[in-house]
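Respectively, the protein sequence lines represent chains A and B. Oh and the first sequence: position 34 is 34 in the working numbering, straight run, nothing missing. Oh and the second sequence: position 5 is 105 in the working numbering, straight run, nothing missing. Note that the Cβ used here is the ideal one computed from N, Cα and C, for glycine as well.
2 protein chains.
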Amino acid sequence: MPRVVVDVMLKPEILDPQGQAVANALPSLGVDDVASVRIGRRIELEFTGEPDLDRVRELADKLLANPVIEDFTVRLAGADESAVPS
Amino acid sequence: MPRVVVDVMLKPEILDPQGQAVANALPSLGVDDVASVRIGRRIELEFTGEPDLDRVRELADKLLANPVIEDFTVRLAGADESAVPS
């Protein structure tokens with residue numbers, strides 16, 4: 001079944017406390033070349049038929065994201081995109 | 101600065117109550133061709149220098165994901181990947 005991925009991220013100007021917490025933890029793991037960390041949501045929608053990306057954008061705008069503080073992107077998931085164990 | 105995207109999703113066999121809640125809400129918005137919804141985390145790491153993806157995988161394994169219940173993928177963010185307002 002075709003899958004659509006909606007990535008929702010806080011707008012750049014919005015403070016990201018979760019990302020900040022991860023960024024602060026990195027030096028203790030010996031990672032000191034990370035300038036910033038941003039954390040958002042990845043939403044995978046599996047469709048029974050051919051998905052209409054415009055309708056998914058509308059859906060993202062109404063239900064999946066808060067357009068006041070978040071940006072989102074919508075795309076068809078490619079075969080390589082599924083989160084396979086790496 | 102180069103950005104790496106780590107996508108963390110629950111393993112397929114793990115129940116996803118968040119995704120279930122969204123899936124249940126869709127018919128009320130007139131969307132009835134969605135078979136399933138899975139919700140995970142998208143983590144964007146901005147590097148000061150050239151990122152080493154193997155090291156990022158190690159980092160994801162230790163800090164960003166819970167390997168017992170989650171799968172993750174690591175990739176360099178392409179120009180089109182940034183969450184721009186759509």
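Asked                                                                                                                                                                      : Found
Suppose only complete runs of 4+ residues qualify. What are the alpha helix (DSSP H) ranges in the segment 113-143 of chain B, listed by chain order?                      : 117-125
For residue 173(B), tell me which candidate among 146(B), 147(B) and 140(B) has the shortest Cα-Cα distance.                                                               : 140(B)
Measure how close the beta-carbons of residue 106(B) and residue 160(B) come, nearest whole angstrom, since I'm counting them as under 8 Å.                                : 5 Å
When you compare each of 9(A), 34(A) and 2(A) to residue 156(B) by their alpha carbons, which one comes out closest?                                                       : 34(A)
For residue 16(A), which residues from the same chain have a beta carbon less than 7 Å from its beta carbon, with the 5 sequence-adjacent residues on both sides left out? : 10, 38 and 39
Give the DSSP-derived three-state secondary structure of residue 146(B) in the structure shown.                                                                            : strand
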